[in-house]
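Right, one structure below, let's go through it.
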Amino acid sequence: MSTLPVFRLAPADVSTNRLIDTSERIFAIKDDFKVAETGGRLSLQAPPLVVEMETASGGIWAADESQLFNARLKPTLPSADEAVQLAEKLVLGGNLLPKLPKGMGWGKPVVAGTRMATMTRRKRTQRDLDVQVVFPVMIGELPVVGGGGDFTVVLGHDAHVIGFHGVWREVVDRFESVVTPAQQIEDEYYARFENGPLKIEDVRSHLAYYSAPGSERQEFLYPVQVLSAHARLGDELMPLRVSMLPATEFGPKVVLPEPELPRPSKARAPQNERKERDGRKRRSYATAAATTAVVAQVATAATKPWEAGTSWIGVSGGLSGSKKNAQGFVDQWNADGWIIDFNWGDANAWESDWRRNDDSWVDNADFVFYTGHANMNGWTLAAPDDGSLQFSELGASPGSPGDLWGQNDLEWVTIAACGPLQDELLAAGGGDVLARWDGAFDGLHQLLGYGAITFDNEDEGRKLAKYAREGQTLKDAWFRTAKEIQPATNGAAAPDGPTVWVGVMWASKAGANPINDHAWSHGSVSADPTSPTTLSCMWTVC
Numbered sequence: 104m105s106t107l108p109v110f111r112l113a114p115a116d117v118s119t120n121r122l123i124d125t126s127e128r129i130f131a132i133k134d135d136f137k138v139a140e141t142g143g144r145l146s147l148q149a150p151p152l153v154v155e156m157e158t159a160s161g162g163i164w165a166a167d168e169s170q171l172f173n174a175r176l177k178p179t180l181p182s183a184d185e186a187v188q189l190a191e192k193l194v195l196g197g198n199l200l201p202k203l204p205k206g207m208g209w210g211k212p213v214v215a216g217t218r219m220a221t222m223t224r225r226k227r228t229q230r231d232l233d234v235q236v237v238f239p240v241m242i243g244e245l246p247v248v249g250g251g252g253d254f255t256v257v258l259g260h261d262a263h264v265i266g267f268h269g270v271w272r273e274v275v276d277r278f279e280s281v282v283t284p285a286q287q288i289e290d291e292y293y294a295r296f297e298n299g300p301l302k303i304e305d306v307r308s309h310l311a312y313y314s315a316p317g318s319e320r321q322e323f324l325y326p327v328q329v330l331s332a333h334a335r336l337g338d339e340l341m342p343l344r345v346s347m348l349p350a351t352e353f354g355p356k357v358v359l360p361e362p363e364l365p366r367p368s369k370a371r372a373p374q375n376e377r378k379e380r381d382g383r384k385r386r387s388y389a390t391a392a393a394t395t396a397v398v399a400q401v402a403t404a405a406t407k408p409w410e411a412g413t414s415w416i417g418v419s420g421g422l423s424g425s426k427k428n429a430q431g432f433v434d435q436w437n438a439d440g441w442i443i444d445f446n447w448g449d450a451n452a453w454e455s456d457w458r459r460n461d462d463s464w465v466d467n468a469d470f471v472f473y474t475g476h477a478n479m480n481g482w483t484l485a486a487p488d489d490g491s492l493q494f495s496e497l498g499a500s501p502g503s504p505g506d507l508w509g510q511n512d513l514e515w516v517t518i519a520a521c522g523p524l525q526d527e528l529l530a531a532g533g534g535d536v537l538a539r540w541d542g543a544f545d546g547l548h549q550l551l552g553y554g555a556i557t558f559d560n561e562d563e564g565r566k567l568a569k570y571a572r573e574g575q576t577l578k579d580a581w582f583r584t585a586k587e588i589q590p591a592t593n594g595a596a597a598p599d600g601p602t603v604w605v606g607v608m609w610a611s612k613a614g615a616n617p618i619n620d621h622a623w624s625h626g627s628v629s630a631d632p633t634s635p636t637t638l639s640c641m642w643t644v645c
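Position in the sequence shown counted from 1, then plus 103, gives you this note's numbering.
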């Protein structure tokens, strides 16, 4: 094949009338609703139902917010075969899937859902919270990646529709572009690692088409080479975040950011005047009260400034998107009035910030975001120390040794990489995430991440913080972010695929359950779950 088609896309058809019509077809909403524009989206609300349309693309997000990702539910769900039949009936009868041009079609539906595991007194239980049917677009025999190439139906208790989301931009024209040899693209990918610390192997590539997330305007749907690899770290292989490069002469050139300037050896996180004055961390305001009612009142009455930080592996790990991904996170919180404690990338993203010196860095902040490379056992960082943070370095259980994440100030950590929330419930060989990462919870509320290999991108950090600032729970903000950016499948073998899972792990005890935490000053926040009695994890398919 010497050429591949590039497709010109029409501007989005976005209107209040279209939103109202779509809402009726998904949820049968006919009256008693409000429509407003917020955050670049048209939003129709008929609580607990919400249907939103992206003004940039016409992409749809619909949810029954009383049911979707609700950890309290124990629903009766349809089987996989029944779910496919019901989902097909909905999308065909409601005309919810776009009409695709000649040469494009629908791939085999992917059936997954939302799953939850809980461990109390060493006894583990697990259950499904919903069933999801993903309808992927295929261009010939090539998949579509990038977050904009599939539609998902979510079925809850008694097979009721509790969610729907997807985006597709109308194709109006096409032209041919000369294919770049795959070996040339792989050589370009290899060159990213020539002077870096990672020694890669098992490089693989395949063709796909890139369709951007719904929040972005996109003029052309173009072919890319999807590149995956592993790096050897000691005795184990670390899967790398998937990269994409244009597969033809047409397409935006990927430019790697300039290397980071060396980090000052005596750098110190900005000091919060309130912490210095009071001689204690702000988190104590949510735990010192004597009654649950007062705790809830104090925890929701946040006092700025709060603190955020980010560590990331970019060009040193062959990733072009990490720097902007991390910058989007801190930019959002800076705009919200938070103090940015640190933004360390590549050789400056020291492992010691997360362990030996966590009181000065990671555990000095309220919310920390990492992006780079990970697997089920940990994630890559830079020297000093051994260059990767492993679960075994955090302690054997909550409070043992008890001087890491959450002992000072940290509530929430996001790992935007290829882990570390793999679990046997998701894929063979995934182990037990609740036993593996329990040592991270020394007061930490939530560990957000993935349970599979994921794609490099520039937008997870910004989206996560943006949705959190709008008042969504951190769980919901993270799940929606991942669903809008990552594909539902990655083609990888277990335990890192083939289904792509996003997840959140949390600790809880009587009077302190942070599963529905919001960011500070944007909703309720649980008291600290120190000495937790229960560990839980929830995952949903991307």
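The beta carbon of each residue, even a glycine, is placed where N, CA and C say it ideally should be.
Only a predicted model underlies this, so the values are computations on that prediction, with no experimental measurement involved.
Tell me, which residues are paired with residue i by DSSP?
| i | result |
| --- | --- |
| S118 | Partner(s): none; S118 has no beta bridge. |
| P342 | H333 |
| H625 | DSSP, once it has assigned bridges, lists no residue as partnering H625. |
| K641 | What sits at residue 641 in the sequence shown is Met, not Lys. M219, V607. |
| A468 | According to DSSP, which records beta bridges pairwise, A468 is partnered with nothing at all. |
| I443 | A411 |
| P326 | Y312 |
From residue i to residue j, what does the alpha carbon distance come to, in whole angstroms?
| i | j | result |
| --- | --- | --- |
| V306 | S331 | 6 Å |
| M641 | L171 | 12 Å |
| P647 | S455 | The structure shown does not extend to residue 647, since the chain is modelled only from 104 to 645, so the question has no answer here. |
| T106 | S308 | 18 Å |
| V256 | M241 | 18 Å |
| E495 | R539 | Checking the displayed sequence, the identity of residue 495 turns out to be Ser instead of Glu. Using only the alpha carbons, I get a separation of about 8 Å. |
| D276 | E322 | 11 Å |
| E361 | T179 | 53 Å |
| V109 | Q430 | 31 Å |
| Q575 | W447 | 27 Å |
| G216 | T223 | 24 Å |
| R272 | W453 | 42 Å |
| Q549 | W515 | 5 Å |
| H625 | E289 | 45 Å |
| E155 | K578 | 18 Å |
| A591 | P326 | 19 Å |
| R218 | K369 | 45 Å |
| R583 | V644 | 10 Å |
| P367 | S314 | 40 Å |
| H268 | W623 | 28 Å |
| I618 | S634 | 16 Å |
| G481 | F544 | 15 Å |
| V401 | G196 | Low local confidence applies: a pLDDT of 36 at V401 is under 50, so the model's placement there is unreliable, with the coordinate-based value given in what follows. Cα to Cα, the separation comes out at about 49 Å. |
| K226 | G490 | 34 Å |
| F238 | L122 | 21 Å |
| A372 | F254 | 43 Å |
| D167 | S146 | 13 Å |
So, residue i versus residue j, is the Cβ gap smaller than 8 Å?
| i | j | result |
| --- | --- | --- |
| V248 | G161 | no |
| I416 | G509 | no |
| Y570 | A580 | yes |
| D512 | D466 | yes |
| P598 | G552 | no |
| T351 | S280 | yes |
| P316 | I518 | no |
| S126 | P300 | no |
| D245 | L310 | Asp is not the amino acid found at residue 245; the sequence shown has Leu there. In contact: L245 and L310 (Cβ atoms closer than 8 Å). |
| R230 | K302 | no |
| G606 | L524 | yes |
| C521 | T557 | yes |
| D559 | G440 | no |
| A113 | E319 | no |
| N460 | A485 | no |
| L638 | D541 | yes |
| A615 | A596 | no |
| Q148 | K133 | no |
Notebook entry, point to check: Which ranges does the beta strand (DSSP E) cover as unbroken runs of at least 3 residues, wholly within the segment 221 to 276, from first to last along the chain?
Noted result: 226 to 242, 245 to 248, 253 to 258, 264 to 269
Check: Does the segment 128 to 146 come close enough to the segment 354 to 365 that 3 or more CB-CB pairs lie under 8 Å?
Finding: no
Next item on the list: Flag this pair as touching only if the segment 232 to 243 and the segment 178 to 190 have three or more C-beta atom pairs under 8 Å; answer yes or no.
Entry: yes
Notebook entry, point to check: Do three or more CB pairs link the segment 611 to 623 to the segment 201 to 218 at distances below 8 Å?
Noted result: In this structure the segment 611 to 623 does not touch the segment 201 to 218; the number of beta carbon pairs closer than 8 Å is below three.
Notebook entry, point to check: Is there contact between the segment 473 to 490 and the segment 409 to 425, where contact requires at least three CB pairs shorter than 8 Å?
Noted result: yes
Checklist line | Whole alpha helix (DSSP H) elements within the segment 104 to 162, 4-residue minimum | finding: 119 to 130
Check: Can you find at least 3 beta carbon pairs, one from the segment 428 to 444 and one from the segment 332 to 350, that sit closer than 8 Å?
Finding: With a cut-off of 8 Å, the segment 332 to 350 and the segment 428 to 444 do not count as touching, because too few Cβ pairs lie within range.
Check: Just checking, does the segment 280 to 298 make contact with the segment 256 to 268 on the three C-beta pairs under 8 Å criterion?
Finding: When Cβ pairs closer than 8 Å are counted between the two stretches, the segment 280 to 298 is seen not to touch the segment 256 to 268, the count staying below three.
Check: Taking the runs of the alpha helix (DSSP H) that are 4 residues or longer, which of them lie wholly in the segment 562 to 614?
Finding: Within the segment 562 to 614, the runs of alpha helix (DSSP H) at least 4 residues long that lie entirely inside it are, in chain order, 563 to 572, 577 to 588.
Item checked: Inside the segment 500 to 567 only - beta strand (DSSP E) runs reaching at least 3 residues -> 515 to 519, 549 to 553
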